[in-house]
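One structure below.
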Amino acid sequence: MGRSSIIIPAYNSETSVGVSIDSALGQTRAPAEVIVVDDGSTDETGKVIASYGDKVVHLTQENAGQGAARNTGMAVAKGEFIALLDADDYWRPEFLERMEDFLDAHPEAVAASCAFKAERKKGDYYGPVHHAQLKEAHPEGFVLDNFFDFWADYDHVRTGTVLFRRSLLEEIGLQNPGLRISQDLEYWAMIASTGPWGVLPEVMWIGTSDAVARKTGWRKKYAARRKKAPTIPAWERRVVPRLAPEHQSGFARVRGRVAAGLMSAHALGGSRAHAQDLLETYGNDMPRGISTRILEVANRFGAPGWALATSALRLIDRLK
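The sequence shown lines up with residues 317 to 636 when you count with this note's numbering.
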């Protein structure tokens with residue numbers, strides 16, 4: 317009997333969810349269960365999931381977003397550990413075996429994440445960027461002294477890279493279903509507030525959302541989510557009361573990165589007021605990416621500047 321519950325939320329993912337399910341079922345160490353939650357799909361996603369029969373637990377719900385779909389799966393998960401995998405990504409076969417062994421070797425760690433490769437049109441992106449050096453220095457992984465500082469420095473966590481102990485659900489609960497964007501980032505902060513976090517610097521998660529987006533028009537689907545992007549106070553509400561003093565500085569930098577992403581989402585979603593508020597409140601902590609620079613300039617020129625800036629951001633979004 318396996319020890320890990322794998323949860324895959326799927327929405328209009330007929331072209332990719334099979335690859336994700338196959339990677340979950342094809343692990344060198346079998347999972348306890350693979351729970352696939354159809355989040356109100358209108359394409360053939362449900363038929364693809366059903367084709368696996370009793371190899372997976374097939375749940376359905378009305379469309380409520382990734383966080384809510386993951387919660388549906390976590391609420392019934394029975395495994396000692398939980399892993400979340402999006403329907404447009406996949407794992408290498410050794411993911412569960414290596415991650416479970418790491419958490420067994422480090423009982424003090426509440427969660428761990430592996431290195432990753434995100435496939436992109438303009439060149440693959442690896443994280444942490446120095447994972448090769450880390451693997452040479454720590455072939456069996458290591459436990460972070462301060463997760464928030466490391467996270468701020470290296471942006472090393474993606475949804476499918478994490479394995480965490482199911483017992484944490486008793487302390488932190490499920491994901492915040494009201495966050496339609498960046499709910500996973502809020503959840504990593506919640507998990508890290510409970511104890512040490514480990515890193516296994518082997519590339520075992522492959523992100524293919526960029527290629528899937530180009531094939532299926534995912535960005536059109538994402539446009540609806542942008543209109544539901546949260547504010548930072550809503551995003552950090554559960555986290556801030558749990559932070560230790562030594563985590564404040566790193567969290568502020570992570571929050572700046574999240575604010576930059578939400579700012580772009582609000583700008584592209586048509587909410588200039590929310591985007592401006594994020595820029596003016598958290599701009600000093602935001603990374604100096606092209607979107608931030610464009611909107612900083614736009615903010616000096618009022619409505620005409622914002623109109624030009626959002627047009628530029630839409631063009632950049634299409635060319636990614």
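Don't be surprised by glycine CBs; every beta carbon is placed ideally from N, CA and C.
Check, Outcome
"With H, G and I counted as helix, E and B as strand and the rest as coil, what does DSSP make of residue 580?", "helix"
"For the candidate residues 467, 419, 366 and 626, whose alpha-carbon lies nearest to that of residue 584?", "626"
"Counting Cβ pairs closer than 8 Å, one from the segment 552-565 and one from the segment 458-476, do we hit at least three?", "yes"
"Taking the beta strand (DSSP E) that residue 518 falls in, what are its first and last residues?", "513-523"
"Taking contact to mean at least 3 C-beta pairs separated by less than 8 Å, is the segment 476-485 in contact with the segment 569-576?", "no"
"Which class does residue 374 belong to by DSSP, given the choice of helix, strand or coil?", "strand"
"To the nearest angstrom, how far is the alpha carbon of residue 604 from that of residue 321?", "38 Å"
"For residue 319, which residues from the same chain have a beta carbon less than 7 Å from its beta carbon, with the 5 sequence-adjacent residues on both sides left out?", "348, 395, 396, 397 and 416"
"Could you tell me if residue 588 is buried or exposed, where buried requires 16 or more neighbouring beta carbons within 10 angstroms of its beta carbon?", "buried"
"Output needed for residue 592: all residues of its chain with C-beta closer than 7 Å, excluding positions within five of it in sequence on either side, in chain order.", "615"
"Just reading off the beta strand (DSSP E) that residue 355 is part of, what are its end residues?", "349-355"
"Could you check whether residue 370 and residue 327 sit closer than 9 Å to each other, using their CB atoms as the reference points?", "no"
"Mapping the DSSP letters down to three states, classify residue 469 as helix, strand or coil.", "helix"
"Taking residue 640 as the reference, give the member of 405, 372, 365 and 353 with the closest Cα.", "The chain is shown only over 317 to 636; residue 640 falls outside these bounds and no answer can be derived."
"Judging by CA-CA distance, which residue of 434, 547, 412 and 485 is the nearest neighbour of residue 503?", "485"
"Which term fits residue 367, buried or exposed, when burial requires 16 or more other beta carbons within 10 angstroms of its beta carbon?", "exposed"
"Given a cut-off of 9 Å, decide if residue 441 and residue 448 are closer than it, judged by their beta-carbon atoms.", "no"
"Take residue 497 as the anchor and find which of 357, 520, 519 and 544 has the nearest alpha-carbon.", "544"
"Between which two residues does the alpha helix (DSSP H) holding residue 476 run?", "Segment: none, residue 476 is in no alpha helix (DSSP H) and carries neither H nor E."
"Only counting the same chain, and skipping five residues up and downstream in sequence, which positions put a Cβ closer than 8 Å to that of residue 613?", "621 and 625"
"Using C-beta distances below 7 Å, list every residue in its chain close to residue 445, excluding the 5 sequence neighbours before and after it, in chain order.", "470"
"DSSP has residue 443 in a bridge; who is on the other side?", "432"
"Where are the alpha helix (DSSP H) runs, 4 residues long or more, that stay fully inside the segment 538-622, in chain order?", "548-552, 564-585, 588-598 and 606-614"
"What did DSSP end up calling residue 421 once you bin it into helix, strand or coil?", "helix"
"Tell whether a beta-carbon distance below 9 Å holds between residue 513 and residue 431.", "no"
"Mind checking residue 392: buried by the 16 CB within 10 Å criterion, or exposed?", "exposed"
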